[in-house]
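Below is one structure; the comments refer to it alone.
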Amino acid sequence: MIIHFLEIWLLVAVMFVAGCLLGAWLYGAIADSRFALAQGAVADTIGDGLDRVKSTFGIGPAWRAEHLKSVARPLPAAATSQSGPEADDRGRSHFDRVPRLSAPPANDTPAVVHRGSSFGDTGETPFEGGDPARIESAETVSDDGIVPRRPPGIAAPRSGLPDNLTRIRGIGYRNETALNKVGVFHFSQIAAWTPAEVRWIGQYLAFPERIERDDWVGQAAVLALGGDTGFEKAADRRRRRRQAQHEATGWNDGEEPDDEQ
Amino acid sequence: MLYDILMFWPFLLLALVVGLVVGWWYQDPRSADDMTAWLEPGPDDP
């Protein structure tokens, strides 16, 4: 009886493993074929559907808005009294304003030019805070000989508003918070990381090789210049769609659209 | 063994389908972020 029972479960396990291998192979095969675009669209649709269900039951992520409230600082008077297209954004949410603050003016020199120094000649004070235990582990030299080096941090986000670092694939709430604690608030800072600094951050976050694998530096370089990496979290996608709907229906009352709950 | 397969084929099929979904999801680059988001608790979590 016991052997019979085990036999059944063994069969189920074998079928599960076979399914995993088949699924992984199928994904790769379709991704390499001309159906790749359709594959992405279907995945997005399913992801949106799942997010909608989660929102319905109130289990969607609501932490982003809270986090921004905790790290954002009041805008300086000069920034709040500006006119032009930026000023029109003041009534909108942080999510919508932050990426634009990172984008340089059309004829300006890109901000990402200081390899090894994230703040160049801006006169900002280097920030040395962070979790001491984590800092100690971050400075461990590994066998490959790369000596970790702490990237320059800043005490507070420029203009009072941090960039939405979760737009980088691989950065979620926890990593964003940890980065903020070591003075990293902007895409331009991440884009300027050297390999030694990447190693330091990877060890600080206890996220070995993830930064290299996801190419945070490359993603940040694109985002710092106001570009789009093509990666968008489902929540952001939903927010943008909702904002478009608001604008289509004449929404301009200066209130933030409801964030996902 | 044959008896088991004939008797429990719906469960075996279900295991295959679940495995297929897991394998597919594992390969999908979106899963890395999903997993990150899933593992990272929000401020309200204990």
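Chains as they are written, first to last, in my numbering: chain A, 9 to 269; chain B, 20 to 65.
Quick reminder that beta carbons are idealized off the backbone N, C-alpha and C, glycines included.
As the structure is a computational prediction, the values presented were derived from the model and not from experiment.
How would you list, in chain order, the residues of chain B whose beta-carbon sits under 9 Å from the beta-carbon of residue i?
i	result
E15(A)	M20, D23
L19(A)	M20, D23, I24, F27, F30, L31, A34
Grouping DSSP H, G and I as helix and E and B as strand, with all else coil, what is residue i?
i	result
I143(A)	helix
I154(A)	coil
I274(A)	This structure leaves residue 274(A) out entirely; chain A is present only between 9 and 269.
P170(A)	coil
D40(A)	coil
R177(A)	coil
V22(A)	helix
M20(B)	coil
P29(B)	helix
G57(A)	helix
A49(A)	helix
W224(A)	helix
W201(A)	coil
V230(A)	helix
A214(A)	coil
F193(A)	coil
T237(A)	coil
V149(A)	coil
T257(A)	coil
V40(B)	helix
A87(A)	For A87(A), the pLDDT reaches just 42, beneath the cut-off of 50, and the residue's location in the model is therefore unreliable, leaving the point undetermined.
If the cut is a Cβ gap below 8 Å, which residues of chain B does residue i touch?
i	result
G36(A)	Q46
A186(A)	Neighbours of A186(A) on chain B: none; closest Cβ ~10 Å, over 8 Å.
G31(A)	G38, L39, V40, V41, G42, W43, W44, Y45, Q46
Which word fits residue i, buried or exposed, when buried means at least 16 other C-beta atoms lie within 10 angstroms of its C-beta?
i	result
W43(B)	buried
W224(A)	buried
Y212(A)	buried
M20(B)	exposed
M26(B)	exposed
P203(A)	exposed
W17(A)	exposed
D171(A)	buried
V1(A)	The structure shown does not extend to residue 1(A), since chain A spans only 9 to 269, so no value can be given for it.
Y35(A)	buried
D139(A)	exposed
Y22(B)	exposed
N42(A)	The sequence shown places Arg at residue 42(A), not Asn. R42(A) should be labelled exposed.
L45(A)	exposed
F13(A)	exposed
W208(A)	buried
W201(A)	buried
F65(A)	exposed
D222(A)	buried
Could you tell me which chain B residues have their CB closer than 7 Å to the CB of residue i, listed as they occur along the chain?
i	result
M23(A)	L31, A34, L35, G38
A26(A)	L35, G38
Between the segment 174-193 of chain A and the segment 219-239 of chain A, do three or more beta carbon pairs fall short of 8 Å?
Contact holds between the segment 174-193 of chain A and the segment 219-239 of chain A, because three or more Cβ pairs, one in each stretch, are under 8 Å apart.
Check whether the segment 193-200 of chain A touches the segment 144-151 of chain A, counting contact only when three or more Cβ pairs, one atom from each stretch, lie closer than 8 Å.
no
Using a Cβ distance threshold of 8 Å, determine whether the segment 214-222 of chain A contacts the segment 158-167 of chain A, with at least three qualifying pairs required.
no
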